[in-house]
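Number of protein chains: 6
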Amino acid sequence: MRFDGREPQQLRPVHIETDYLKHPEGSVLISVGDTKVICSASIEDKVPPFMRNQGKGWITAEYSMLPRATEQRNIRESSKGKVTGRTMEIQRLIGRALRAVVNLDAIGERTIWIDCDVIQADGGTRTASITGAYVAMAQALNKLYKTKKLKGFPVSDFLAATSVGILADGQVVVDLNYVEDSAAHVDMNVVMTGNGEFVELQGTGEEATFSYNQLHELLAGAQAGLAELFEHQKQALGEELSEQIAKAQKR
Amino acid sequence: MRFDGREPQQLRPVHIETDYLKHPEGSVLISVGDTKVICSASIEDKVPPFMRNQGKGWITAEYSMLPRATEQRNIRESSKGKVTGRTMEIQRLIGRALRAVVNLDAIGERTIWIDCDVIQADGGTRTASITGAYVAMAQALNKLYKTKKLKGFPVSDFLAATSVGILADGQVVVDLNYVEDSAAHVDMNVVMTGNGEFVELQGTGEEATFSYNQLHELLAGAQAGLAELFEHQKQALGEELSEQIAKAQKR
Amino acid sequence: MRFDGREPQQLRPVHIETDYLKHPEGSVLISVGDTKVICSASIEDKVPPFMRNQGKGWITAEYSMLPRATEQRNIRESSKGKVTGRTMEIQRLIGRALRAVVNLDAIGERTIWIDCDVIQADGGTRTASITGAYVAMAQALNKLYKTKKLKGFPVSDFLAATSVGILADGQVVVDLNYVEDSAAHVDMNVVMTGNGEFVELQGTGEEATFSYNQLHELLAGAQAGLAELFEHQKQALGEELSEQIAKAQKR
Amino acid sequence: MRFDGREPQQLRPVHIETDYLKHPEGSVLISVGDTKVICSASIEDKVPPFMRNQGKGWITAEYSMLPRATEQRNIRESSKGKVTGRTMEIQRLIGRALRAVVNLDAIGERTIWIDCDVIQADGGTRTASITGAYVAMAQALNKLYKTKKLKGFPVSDFLAATSVGILADGQVVVDLNYVEDSAAHVDMNVVMTGNGEFVELQGTGEEATFSYNQLHELLAGAQAGLAELFEHQKQALGEELSEQIAKAQKR
Amino acid sequence: MRFDGREPQQLRPVHIETDYLKHPEGSVLISVGDTKVICSASIEDKVPPFMRNQGKGWITAEYSMLPRATEQRNIRESSKGKVTGRTMEIQRLIGRALRAVVNLDAIGERTIWIDCDVIQADGGTRTASITGAYVAMAQALNKLYKTKKLKGFPVSDFLAATSVGILADGQVVVDLNYVEDSAAHVDMNVVMTGNGEFVELQGTGEEATFSYNQLHELLAGAQAGLAELFEHQKQALGEELSEQIAKAQKR
Amino acid sequence: MRFDGREPQQLRPVHIETDYLKHPEGSVLISVGDTKVICSASIEDKVPPFMRNQGKGWITAEYSMLPRATEQRNIRESSKGKVTGRTMEIQRLIGRALRAVVNLDAIGERTIWIDCDVIQADGGTRTASITGAYVAMAQALNKLYKTKKLKGFPVSDFLAATSVGILADGQVVVDLNYVEDSAAHVDMNVVMTGNGEFVELQGTGEEATFSYNQLHELLAGAQAGLAELFEHQKQALGEELSEQIAKAQKR
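Residue numbers (my numbering), protein chains in the order written: chain A, 30 to 280; chain B, 30 to 280; chain C, 30 to 280; chain D, 30 to 280; chain E, 30 to 280; chain F, 30 to 280.
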């Protein structure tokens, strides 16, 4: 049994509230336990310079934390005048992950801006961001698909992320909260598509290492957690949109 | 009758949800119509260098908007690498306003960090920030008062803020939303204490001017709106804390 | 009687030296007591991006202090690598104030750059900047008017600014010097047009508040001081240009 | 057969020249094919603030490219005034990886600064940096061990890194050069210790995904390449130091 | 005869107004033709970190131009967020030059901050800055010498600077104004002490070169101009202080 | 005899290795004693904004040091977020010097980017950079000349640089290493063309001064050292290219 009473492979309670904000094309408030992230998807009718004149779209993500999302107040990156390496790593990860399940040709020369703002943090903010941002993005792209003549439905699969880790006692656990994460020897983030393919796999020994067998245990745990997250996403997206994505996925 | 059906002196619906976040010493989600701001108050056990060794505390505020709080996505200040003049003006205003109703000697060498993060913007974000931040701060200071031996109860009065303006047709209105604010000829922010004293008065003709008589009309409108805001604050603070502040106010 | 022997409503000695620099289209050295500011107005034949293709002009201001304008040497903002909040507040105020008395349509797609560089500071640098910058700008715009075919004379009124405050003993005084300003409980900057309309009103209780009656006293004091400043401006501008502005003002 | 004539699991020619610079405590020039990196290890007798008074050491890495290390000249990060997200990701990876094989308690309150400067780039610069930096660091720590009374020999294992990927035709290849890397569907960096434990595993589908079976193929390829890299490191370190590390590894 | 009617070796009119500002320990307004610079010297009772605990003082200089000191308005370095290379070169030169004639041991652990702010520019701003800053600094150090127990009078010689150049027609001229400077083939700044020793010699061919013989002609011209500048400095410093420096110079 | 056994006018051993990198149009590794610099020349088919539409080319230089090029590790300028004054001074010097021996009209609207990266520093890094960069640039321009129809051969002369100085004992020495440079009273950098004309002369008394006679001794020393450097350059450039430059030089 874990610190907060969960089974090793049990996720924390997950809620995805859609249409959370009035301005963005898509937006959700996702909670995974005490971790809460506002994810929004904004559509801009141009692409960054390096993508111009290719007839393709682009997806880019930004990630931030409110100063008091954390136990100790953290200094705003706008006050520091620069974005930290951790933030950059996370926003590059979110953007890359989402691009794996979108047909960029289909959306034309448009940019989908993903904003993930962590309101409250208790571990797993980057995986909650990906899971929530996927829903906001799918809704925004669906709206775009309905109002503009796209070359086809642009979302090609579901996408979610979770963390797995090895605690100090060697136990493999899924969806680590902050206390577990701080003490874990190995920490792995797994981003997967609805049909079970890997998009990202980032495993890190924190002044520690892990064996081939432990890797297998970690991946099995991640798969169990992700299955549950896909169900939450489908519920949030509604039956119609979920079925459309499922159809795209089969092809 | 106004654009959204309100009377000239009518505020938009106001809600103040307290204890909105789990980590800060005080936090609220305030909504004034579609404007929504998360305000938190954090207590740090030291003061900035220019305040050291005076035995007094300090209150400082930071203000930010989510990129998609607005109709058009705005670029993060952390990405720009600098805080804009507008943001600086607002956070200086919030800090100064709150300091007017706190006995800084009573809190000792501590800093109260106020964070106002606008989740959704529809005009009046700076006045909603002050009104909400006051509640978060009062709760944080009350907790501090109860757990530490302070030299006395540190909050000396209520404090709220609203905007008033003169529309293109000359009508004086209270609590302008974004559409009204964009078109107003004169825009005034009024910060007042519970006992009716001015803390800040910032009136600006936007490529326009205003007369002595118009100033009076504006101030009368502000007073009406502020009376209603103080009621919302009292409800949010609860009877016990409200009475304690009322008592402090009388002295 | 005040610290430096002045009556409560008495300004410090004011001098406005025009054509102070050889390069700018308009420039003055204004002294208000020991406060000395070089104000220049430069005309650029384009507008910032957000104003393009509207057929209108723009006025923007920058404000700075020499490092040793002050008692203690202050660090250059170029060395810090950023402009402080105080500077931003002041330069936004100067630009906004001047725009209130210029017909932006008349000047076409041009930018008037106002530079206010404080050579020596003894309180009231922002109000001296506005008062001096107005003169530099009026001269620059007059030159422009004479050499280019504008749609009309672009200056619509006089404009000056002064500070008023409430000292610790409750006395209302006009044109505070640095010593008075540091100790004042309430500090108010008033920007007015020649025909007595408000352009900006910024009143601040410094860890203090002020009542409705005190507001009236402050405004009365400001009006007295401003009347005198308008006379200095007229003398600096010369009879011909002053009359032309007076004529524009009447319409 | 690959583009440059290599077998799928064949590394490019590897050379590690030790004592490349005269000033650092340890330094190498590593070449992996046309990729050339100068790696140096510097010992500083203090730790960063967050590590103070714990009696432990710290290892941190910086990574940079000469502007003309690449086909197209890239702009210096010092000219841009900021470090890019890619650079931050790489330097965090290098530091984290090296910390996994060093006993930080043994080195006391010292910082080992690792500098990896890419002189010429042809793919795999981050893995070459880790492989080369390990050698520079081991030599620097060995010198430290010999001259100061440490609590024990601080290096606990060998450490090397390589890349594996899946090309467009589905082939799994080891040690991708720039041309292969640009076109690969999946790209994975594997950091391993001498005794075959994972330290970091970063697999990324570039607008693509990969299956469980492909993951196995990738890891097998990585292991083959890493075995060869460990031999190069041992040769560079010399017999005595290699044996000492091998002994530490066994415990 | 030159463009503005001067003889080849004739300086422009020089004026040095002392005690120009009320706050600094020493300050002058120097004009060399239409070039006008406010130079101030401020004394701080500590030295920068790299000079601590050596019992010696330090002299450092900052240089800036008002935006409209020039024909075309130049953008403030505070707005750009960085100091240009030209500015850095000039301020390093001013500081280095002044340090050559001050006994840093005598002033103890103090920093002399030199600020040179160009009010109006017409060529030769860096040499006017050195010549004026010397006077401000000598007055500040003399005040320090009179009020604090120093180990001796700290100024060891006079110091002035001028420019010489070779025009397109091969003529060698002294004290180039902006028009001459822009067109000159060779430009040389010479900083000399009162007893005729070189402190700095910076000669530059602007897409041109110069011969050994031309170097001699340039140096002869500089010496003639500098002799005149020393006379202006002595007049500005007054008889008493000039004699004290002359005495120090002899030793 | 000097510290390292050299005669006063003796250079340290000089080596220039050409074609050091595979990507740049020209590149060398120059060593002057223990000072080692990688110099590369890159050709870009456009010019900076201020040079556009003049039909002329431009040459610009960047200079940097590896963090551990020096005895003490120096902090990267990319980490500091800004380029130091020293670096700016050096890169401006390198660019200006090279422009003196190139016919900018002949190369058309192209920019030659010079990158000088100091791998190891032992004094004289700026002069080694100029001497090495000249060779890299000449090779790049020669390639350009051979492949594109230029208006003529663009290199008009040889160019090299060395340092001379006066040690504490009054001795004039050539090519100072770091130990000598740190202790020298006078430090002078001389940049000369192959036909003996000065391009740059920068002499600085470090809290010291130098006389007219000492200047002559310094220049004589520089000339001797430069003669030797030109021989090294010719050898590196090869007979054919050296003769072509020699021919250009004669005209």
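All residues carry an ideal CB built from backbone N, CA and C; glycine is no exception. Since we're looking at a predicted model, the values are computed, not measured.
Notebook entry, point to check: Taking the continuous alpha helix (DSSP H) assigned at GLY62 of chain C, which residues delimit it?
Noted result: Your numbering for residue 62 of chain C matches position 33 in the third sequence. Element bounds for GLY62 of chain C: n/a, residue is neither H nor E.
Check: Counting Cβ pairs, one atom from each stretch, are 3 or more of them under 8 Å apart for the region 245-264 of chain C and the region 182-193 of chain C?
Finding: yes
Note to self: Does the structure place the region 132-145 of chain E close enough to the region 138-148 of chain C that three or more beta carbon pairs sit under 8 Å?
What the structure shows: no
Notebook entry, point to check: Between the beta-carbon of GLN262 of chain D and the beta-carbon of ILE45 of chain D, is there less than 8 Å?
Noted result: Within the fourth sequence, the letter at position 233 stands for residue 262 of chain D. Within the fourth sequence, the letter at position 16 stands for residue 45 of chain D. It is a contact, given that the beta carbons lie within the stated cut-off.
Check: VAL149 of chain B versus chain A: which residues are under 8 Å apart at the beta carbon?
Finding: Position 120 of the second sequence, counting from 1, holds the residue named residue 149 of chain B. The question names Val, but residue 149 of chain B in the sequence shown is Gln. Here the neighbours are LEU50, LYS51, HIS52.
Check: Near GLU235 of chain D, which residues of its chain fall below 8 Å by C-beta distance, leaving aside the five closest residues on each side in sequence?
Finding: Counting from one through the fourth sequence, the residue named residue 235 of chain D turns up at place 206. Result list for GLU235 of chain D: ALA213, HIS214, VAL215, ASP216, in chain order.
Next item on the list: Closer than 6 Å by C-beta to VAL203 of chain B: which residues in its own chain qualify, once you throw out the five before and the five after it? Chain order, please.
Entry: Counting from one through the second sequence, the residue named residue 203 of chain B turns up at place 174. Answer for VAL203 of chain B: GLN38, VAL193, GLY250, GLY254, listed in chain order.
Checklist line | Through-space distance from ALA169 of chain B to GLY161 of chain B, alpha-carbon basis | finding: Here the question's residue 161 of chain B lines up with position 132 in the second sequence. Here the question's residue 169 of chain B lines up with position 140 in the second sequence. Computed Cα separation, rounded: 13 Å.
Next item on the list: Would you kindly report the start and end of the unbroken alpha helix (DSSP H) that includes MET166 of chain E?
Entry: Within the fifth sequence, the letter at position 137 stands for residue 166 of chain E. Residues 154-176.
Checklist line | Which listed residue (D:ILE59, D:GLU54, D:ILE159) has its alpha carbon closest to that of VAL43 of chain D | finding: Taking the first residue of the fourth sequence as 1, we reach residue 43 of chain D at position 14. The option with the nearest alpha carbon to VAL43 of chain D is D:ILE59.
Next item on the list: Output yes if chain F places a C-beta closer than 8 Å to the C-beta of ALA129 of chain E; else output no.
Entry: Along the fifth sequence, one-based indexing puts residue 129 of chain E at 100. Output row for ALA129 of chain E: interface = yes.
Check: Tell me which same chain residues have a C-beta within less than 6 Å of the C-beta of ASN171 of chain F, skipping the five on either side of it?
Finding: As a working mapping, residue 171 of chain F is identified with position 142 in the sixth sequence. Within the same chain, ASN171 of chain F has close Cβ partners LEU270.
Item checked: Closer than 8 Å to chain B by CB, GLU246 of chain C -> Position 217 of the third sequence, counted from the start, is the residue given in the question as residue 246 of chain C. No, no contact with chain B.
Next item on the list: Report the rounded CA-to-CA distance for ALA199 of chain B versus SER240 of chain B, giving the unit in angstroms.
Entry: Counting from 1 along the second sequence, the entry for residue 199 of chain B is found at position 170. Counting from 1 along the second sequence, the entry for residue 240 of chain B is found at position 211. Note on identity: in this sequence residue 199 of chain B is Gly, with Ala being the wrong assignment. Their backbone Cα atoms lie some 12 Å apart in a straight line.
Notebook entry, point to check: Looking at the C-beta of TRP87 of chain B, does it have a partner C-beta in chain A at a distance below 8 Å?
Noted result: For the purposes of this step, residue 87 of chain B is identified with residue 58 of the second sequence, where counting begins at 1. TRP87 of chain B does not count as touching chain A.
Check: When you compare each of F:LYS175, F:VAL147, F:GLY124 to TYR163 of chain F by their alpha carbons, which one comes out closest?
Finding: As a position in the sixth sequence, residue 163 of chain F is number 134, starting the count at 1. Measuring from the Cα of TYR163 of chain F, the nearest candidate turns out to be F:GLY124.
Check: When we look at the beta-carbon of GLN101 of chain F and count the other beta-carbons within 10 Å, is it buried (16 or more) or exposed?
Finding: Within the sixth sequence, numbered from 1, the residue matching residue 101 of chain F stands at position 72. Exposed, since its Cβ has fewer than 16 Cβ neighbours within 10 Å.
Next item on the list: Flag this pair as touching only if the region 97-112 of chain F and the region 144-158 of chain F have three or more C-beta atom pairs under 8 Å; answer yes or no.
Entry: yes
Next item on the list: Please say whether GLY153 of chain C and THR64 of chain C have beta carbons closer to each other than 8 Å?
Entry: Residue numbering aside, residue 64 of chain C sits at position 35 when the third sequence is read from its first letter. Residue numbering aside, residue 153 of chain C sits at position 124 when the third sequence is read from its first letter. Taking 8 Å as the Cβ cut-off, THR64 of chain C and GLY153 of chain C qualify as a contacting pair.
Margin query: Determine whether the beta carbon atoms of ILE143 of chain E and ALA70 of chain E lie at a separation below 8 Å.
Written below: For this step, residue 143 of chain E is matched to residue 114 along the fifth sequence. For this step, residue 70 of chain E is matched to residue 41 along the fifth sequence. Going by C-beta atoms, ILE143 of chain E is nearer than 8 Å to ALA70 of chain E.
Item checked: Short CB-CB distance (under 8 Å) between SER107 of chain A and chain B -> Along the first sequence, read from residue 1 onward, the residue named residue 107 of chain A stands at position 78. Judged by the 8 Å Cβ criterion, SER107 of chain A is in contact with chain B.
Margin query: Beta-carbon within less than 6 Å of LEU188 of chain A's beta-carbon, same chain only, minus the 5 sequence neighbours each way: which residues are those?
Written below: Indexing the first sequence from 1 puts residue 188 of chain A at position 159. Once the five neighbours on either side are set aside, the close Cβ partners of LEU188 of chain A are VAL130, TYR163, THR222.
Next item on the list: Quick one: which residues of the region 111-125 of chain D get their C-beta closer than 7 Å to a C-beta of chain A? List them in chain order.
Entry: LYS111, GLY114, MET117, GLU118, ARG121, ARG125
Next item on the list: My understanding is that VAL57 of chain C touches ALA275 of chain C, with C-beta atoms under 8 Å, so please give their C-beta distance in whole angstroms.
Entry: Taking the first residue of the third sequence as 1, we reach residue 57 of chain C at position 28. Taking the first residue of the third sequence as 1, we reach residue 275 of chain C at position 246. Between ALA275 of chain C and VAL57 of chain C the Cβ distance is about 20 Å, and since that is not below 8 Å, they are no contact.
Check: To the nearest angstrom, how far is it from the Cα of ALA197 of chain C to the Cα of PHE227 of chain B?
Finding: If you number the third sequence from 1, residue 197 of chain C lands on position 168. If you number the second sequence from 1, residue 227 of chain B lands on position 198. ALA197 of chain C and PHE227 of chain B have their C-alpha atoms some 17 Å from each other.
Note to self: Does any residue of chain E have a CB that is nearer than 8 Å to the CB of GLU229 of chain F?
What the structure shows: Counting from one through the sixth sequence, the residue named residue 229 of chain F turns up at place 200. Residue contact check for GLU229 of chain F against chain E: a CB pair falls below 8 Å.
Note to self: Looking at chain I, is there any beta carbon in it that lies within less than 8 Å of the beta carbon of GLU91 of chain D?
What the structure shows: The structure shown has no chain I; the protein chains it does contain are A, B, C, D, E and F.
Notebook entry, point to check: According to the Cβ coordinates, are GLY86 of chain A and LYS111 of chain B closer than 8 Å?
Noted result: By one-based count along the first sequence, residue 86 of chain A stands at place 57. By one-based count along the second sequence, residue 111 of chain B stands at place 82. No, the pair does not count as a contact, with Cβ atoms beyond the cut-off.
Item checked: Start and end residues, beta strand (DSSP E) containing SER108 of chain B -> The residue labelled residue 108 of chain B in the question sits at position 79 within the second sequence. Premise fails: SER108 of chain B lies in the alpha helix (DSSP H), 106-109, not in any beta strand (DSSP E).
Item checked: Within chain E, the residues that THR99 of chain C reaches when beta carbons sit closer than 7 Å -> Numbered from its first residue, the third sequence carries residue 99 of chain C at position 70. Within chain E, the residues HIS52 have their CB atoms less than 7 Å from the CB of THR99 of chain C, given in chain order.
Note to self: Restricting to runs no shorter than 4 residues, where is the alpha helix (DSSP H) found entirely within the region 73-125 of chain D?
What the structure shows: 106-109
Next item on the list: Compare the C-beta of LEU95 of chain A against all C-beta atoms of chain B and say whether one is closer than 8 Å.
Entry: Taking the first residue of the first sequence as position 1, residue 95 of chain A is located at position 66. Closer than 8 Å: yes.
Checklist line | Per-residue contacts from ARG102 of chain F into chain D (C-beta, under 9 Å) | finding: Within the sixth sequence, the letter at position 73 stands for residue 102 of chain F. The answer, in chain order, is HIS52, PRO53, SER69, SER71, GLU73, TRP142, ASP144.
Next item on the list: Buried or exposed for ARG41 of chain C, please, with buried defined as at least 16 other CB atoms from any protein chain shown within 10 angstroms of its CB.
Entry: Here the question's residue 41 of chain C lines up with position 12 in the third sequence. Buried, since its Cβ has 16 or more Cβ neighbours within 10 Å.
Notebook entry, point to check: Does ASP63 of chain F come within less than 8 Å of chain D when only Cβ atoms are used?
Noted result: In the sixth sequence, the residue the question calls residue 63 of chain F occupies position 34. Taking Cβ atoms only, chain D reaches closer than 8 Å to ASP63 of chain F, which makes this a yes.
Notebook entry, point to check: Which parts of the region 203-237 of chain F are runs of the alpha helix (DSSP H), unbroken and 4 residues or longer, counting only runs that do not cross its ends?
Noted result: 207-212
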